[in-house]
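K.L.:
In the numbering used here, the protein residues as written are 11 to 206.
1. Could you check whether residue 20 and residue 54 sit closer than 8 Å to each other, using their CB atoms as the reference points?
2. Beta carbon of residue 107, beta carbon of residue 41: below 8 Å?
3. Is it buried or exposed, residue 44, if we count other Cβ atoms within 10 angstroms and call 16 or more buried?
4. Distance, Cα to Cα, residue 168 vs residue 60?
5. If I follow the unbroken alpha helix (DSSP H) through residue 129, where does it start and stop?
6. Evaluate residue 164 with the Cβ neighbour count: other Cβ atoms within 10 Å of its Cβ, from every protein chain shown; 16 or more gives buried, anything less gives exposed.
7. Leaving out five residues before and five after residue 122 in sequence, what residues of the same chain have Cβ atoms less than 6 Å from its Cβ?
8. Considering only residues of the same chain and omitting the five flanking positions on each side of residue 80, which have a CB-CB separation below 7 Å?
9. With respect to the beta strand (DSSP E) encompassing residue 152, which residues constitute its N-terminal and C-terminal limits?
10. Just the C-alpha distance for residue 101 and residue 130, rounded to the nearest angstrom, thanks.
11. Does the beta-carbon of residue 171 have 16 or more other beta-carbons within 10 angstroms, so that it is buried, or is it exposed?
12. Just the C-alpha distance for residue 200 and residue 88, rounded to the nearest angstrom, thanks.
13. So, at 6 Å on beta carbons, what are the nonlocal neighbours of residue 114 in its own chain, with the 5 sequence-adjacent residues on each side left out?
14. In angstroms, rounded to a whole number, what distance separates the CA positions of residue 83 and residue 14?
15. Under the assumption that residue 202 contacts residue 187 (Cβ atoms under 8 Å), give the Cβ distance between them as a whole number of angstroms.
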């Protein structure tokens, strides 16, 4: 059975419009935390010039494969079993994408995420991060504040991350912020370039 995310359906077109530009010169993109697989099956055919590598923890692979099997594309690759808490044995990529992941893992795993990006994103490669962020420690909307509270009830280590902290971690990982894109529903899409 295919897992379904209403959020993925709502945000896929606004995200894709930016990815077409951000990944215009990319050859291989790693999606970190592909979840249901809905983004992957929509993005890959629209970005036919590159290979789209899905990944997630093993527990999410069965549901994701239901989507990949239903909507195959020649440049859409089956998921790698990747956990940001564990070592990775993978090739380097010239593009990376993740959506709605950094607020559902602990701060320590956010730091581990950027360590992985530093190691496996090629120089001059592009990282795109989609999700909600706080600015100067403040929520950008009441709905984001409510969402943050809901996340913390489920797990106190979760929560909407500060944009400034994300940029600090990115800089330490050799990344430069290129664009902070405003997106629907109080989300953002951050585009970084790997400088070293």
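From the three backbone atoms N, C-alpha and C, an ideal C-beta is built for every residue, glycine too.
P.N.:
A quick look at the data gives this:
1. no
2. yes
3. buried
4. 33 Å
5. 117-130
6. exposed
7. 94
8. 12
9. Per DSSP, residue 152 belongs to no beta strand (DSSP E); it is in the alpha helix (DSSP H), 152-164.
10. 7 Å
11. buried
12. 26 Å
13. 168
14. 19 Å
15. 6 Å
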